[in-house]
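Position one of the sequence shown corresponds to residue 1 (this note's numbering), numbered consecutively onward.
Note that beta-carbon positions come from the ideal geometry of N, C-alpha and C, so glycine has one too.
Computed from a prediction, not measured in an experiment: that's the story for all the values here.
Below is one structure, written out as structure tokens; comments come after it.
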Amino acid sequence: MSEFYKELRVDNGLRKIGVNDKGDYLEISINDSSVFDRFADLMTWLQEKEKDLNQFQKDHAGEKADDPEVLGMYAAKRTETYQECCERLDKVFGEGCCRKVFGEIVPDELLIMDFIEQIGDVLHALGQERNRRMAEKYNRRRKGANTKKPEGDV
Numbered sequence: 001m002s003e004f005y006k007e008l009r010v011d012n013g014l015r016k017i018g019v020n021d022k023g024d025y026l027e028i029s030i031n032d033s034s035v036f037d038r039f040a041d042l043m044t045w046l047q048e049k050e051k052d053l054n055q056f057q058k059d060h061a062g063e064k065a066d067d068p069e070v071l072g073m074y075a076a077k078r079t080e081t082y083q084e085c086c087e088r089l090d091k092v093f094g095e096g097c098c099r100k101v102f103g104e105i106v107p108d109e110l111l112i113m114d115f116i117e118q119i120g121d122v123l124h125a126l127g128q129e130r131n132r133r134m135a136e137k138y139n140r141r142r143k144g145a146n147t148k149k150p151e152g153d154v
């Protein structure tokens with residue numbers, strides 16, 4: 001006999017998204033509304049950082065393009081930005097996201113944007129799945145949805 005009166009199991013909506021040929025994956029719950037908020041915050045941050053990098057480049061436009069010091073400053077600024085982006089991606093999609101997706105490198109903007117585009121499509125599909133499940137679960141045609149209240153109940 002079980003020690004519990006009853007056991008409940010709730011579908012947490014976890015979905016596994018494969019990210020490489022080694023079998024690594026990200027787990028995203030379609031029931032976690034904060035993942036969409038965190039992703040939106042990441043997109044806002046990326047836009048701000050893009051402006052910062054463009055401004056940095058404009059500020060140093062008068063300097064020699066082949067000056068190693070200028071190149072080093074710009075490269076360091078970009079690398080710092082992409083490292084911070086990886087930290088933010090890990091916060092949105094779970095610790096180790098960047099390592100699983102990109103390997104042991106600091107990805108450049110092309111890799112990051114490729115991932116963002118692909119994961120954006122995945123999040124869109126997961127959002128649609130969640131909405132579909134909600135509509136099915138709380139459909140007016142489901143059992144009990146059309147039950148009339150007895151006369152006299154207010």
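How far does the alpha helix (DSSP H) with I112 in it extend, from its first residue to its last?
Translated into the one-based positions of the sequence shown, residue 112 becomes position 112. Membership of I112 in the alpha helix (DSSP H) is indicated by the continuous run E109 to K137.
For I105, is the classification buried or exposed, using 16 other Cβ atoms within 10 angstroms of its Cβ as the cut-off for buried?
Numbered from 1 along the sequence shown, position 105 holds the residue referred to as residue 105. Classification for I105: exposed.
Take every Cβ of the region 70 to 83, pair it with every Cβ of the region 48 to 60, and state whether three or more of those distances are shorter than 8 Å.
yes
G127 versus V92 - alpha carbon distance:
Residue numbering aside, residue 127 sits at position 127 when the sequence shown is read from its first letter. Residue numbering aside, residue 92 sits at position 92 when the sequence shown is read from its first letter. Approximately 16 Å between the Cα atoms of the pair.
Please look up how many angstroms separate the CB atoms of Y138 and I112, rounded, as I've assumed it's under 8 Å.
Start at 1 with the first residue of the sequence shown, and residue 138 comes out as number 138. Start at 1 with the first residue of the sequence shown, and residue 112 comes out as number 112. No, Y138 and I112 are not in contact; Cβ-Cβ is about 38 Å, not under 8 Å.
Please report the residue range of the alpha helix (DSSP H) in which E69 lies.
By 1-based counting over the sequence shown, the position of residue 69 is 69. Run containing E69: P68 to F93, per the alpha helix (DSSP H) assignment.
Tell me, please, whether the region 37 to 49 touches the region 10 to 19 by the rule of three or more beta-carbon pairs shorter than 8 Å.
no
E129 to K64 span [Cα, whole Å]:
The sequence position of residue 129 within the sequence shown is 129, counting from 1. The sequence position of residue 64 within the sequence shown is 64, counting from 1. One C-alpha to the other measures close to 53 Å.
Distance CB(C98)-CB(D108) smaller than 9 Å
On the sequence shown, position 98 is the one that residue 98 refers to. On the sequence shown, position 108 is the one that residue 108 refers to. No, the pair does not count as a contact, with Cβ atoms beyond the cut-off.
Please list, in chain order, all residues of the same chain as D14 whose beta carbon is under 7 Å from its beta carbon, the five residues on each side excluded.
The residue given as residue 14 occupies position 14 in the sequence shown. In the sequence as displayed, the identity of residue 14 is Leu instead of Asp. Around L14: E27 and S29.
Cα separation between V101 and Y5?
In the sequence shown, the residue the question calls residue 101 occupies position 101. In the sequence shown, the residue the question calls residue 5 occupies position 5. One C-alpha to the other measures close to 44 Å.
Can you have a look at K22 and say buried or exposed, based on whether 16 or more other CB atoms are within 10 angstroms of its CB?
In the sequence shown, counting from the first residue as 1, residue 22 sits at position 22. K22 comes out exposed.
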